[in-house]
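Participant:
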Amino acid sequence: MRNPLWRLKTLPWIALLQNALLTVALATVLEFTLFFILTAISGAQGSTVAIPGGGTGLLLLSLAVAGGIGALAVLLMERLFRNVILDSSVLWGLVGCLALVLFIKSLLVPTFLVGVSRPQLIGLVFGLFAQGRSHWR
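Counting with my numbering, you get residues 10 to 146 for the letters of the sequence shown.
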């Protein structure tokens, strides 16, 4: 009988965690840059910046940002970690590593767009598997 946990043991966890750390670091830098730009714009005009659509607009923005993080993770994996062969199990491992790093980041650093919630995890999985489509088919 085959051991179902064997594939989990053979995943390249170090490379996946390094990729997740790099991806979340880049996303955090972009998040803070966007936050400071929006603050500067709203401070110059004397009003607050509103997101069109209210709560729905914020949800869609959150999904889009999480999807972008997932796609960025696959791009970085393809470009920087060429020794890792991407397949569906590696992509699922990358989802877990990204979720772990995002959870730790949300505990340490205040979040504006990049965090861990159910919609963001859905967007993360969608973006990651949309970008990595050629690797899981």
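Cβ coordinates follow ideal geometry from the N, Cα and C atoms, glycine included.
Is Val-99 helix, strand or coil when you go by DSSP?
Facilitator: Residue mapping note: residue 99 aligns to position 90 of the sequence shown, counting from 1. Looking at Val-99 - three-state DSSP - the assignment turns out to be helix.
Participant: Helix or strand or just coil, what does DSSP make of Val-125?
Facilitator: Counting from one through the sequence shown, the residue named residue 125 turns up at place 116. Correct three-state label for Val-125: coil.
Participant: For a test of the three-state rule: what should DSSP assign to Phe-90, helix, strand or coil?
Facilitator: By one-based count along the sequence shown, residue 90 stands at place 81. Three-state DSSP puts Phe-90 in coil, outside helix and strand.
Participant: In whole angstroms, what separates the C-alpha of Trp-145 from that of Leu-47?
Facilitator: What you label residue 145 is simply residue 136 of the sequence shown in a count that begins at 1. What you label residue 47 is simply residue 38 of the sequence shown in a count that begins at 1. For Trp-145 and Leu-47, the distance between alpha carbons rounds to 38 Å.
Participant: Please determine, among Ile-131, Phe-121, Gly-52, Gly-141, the residue with the shortest C-alpha to C-alpha distance to Leu-39.
Facilitator: Taking the first residue of the sequence shown as position 1, residue 39 is located at position 30. It is Phe-121 whose Cα lies nearest to the Cα of Leu-39.
Participant: Let me check understanding here. Comparing Cα to Cα, which of Ile-23, Ser-97, Val-104, Thr-19 lies closest to Leu-81?
Facilitator: As a working mapping, residue 81 is identified with position 72 in the sequence shown. Of the candidates Ile-23, Ser-97, Val-104, Thr-19, the one whose C-alpha sits nearest the C-alpha of Leu-81 is Val-104.
Participant: Identify whether Asn-12 lies in helix, strand or coil by the three-state DSSP scheme.
Facilitator: Within the sequence shown, the letter at position 3 stands for residue 12. Correct three-state label for Asn-12: coil.
Participant: With distances taken between CB atoms, is the gap from Pro-128 to Leu-43 smaller than 8 Å?
Facilitator: Position 119 of the sequence shown holds residue 128. Position 34 of the sequence shown holds residue 43. Against a cut-off of 8 Å, the Cβ pair of Leu-43 and Pro-128 comes out as no contact.
Participant: Consult DSSP for Lys-141 and reduce its assignment to one of helix, strand or coil.
Facilitator: In the sequence shown, residue 141 corresponds to position 132, counting from 1. For the sequence presented, residue 141 should be read as Gly rather than Lys. Reduced to three states, the DSSP call for Gly-141 is coil.
Participant: Going by DSSP in three states, Thr-120 sits in which element: helix, strand or coil?
Facilitator: Here residue 120 corresponds to residue number 111 of the sequence shown, with the count starting at 1. The answer is coil: DSSP assigns Thr-120 none of H, G, I, E or B.
Participant: Once the 5 residues before and after Ala-24 are set aside, which same chain residues still bring their CB inside 6 Å of it?
Facilitator: Working through the sequence shown from its first residue, we reach residue 24 at position 15. Phe-90, Val-93, listed in sequence order.
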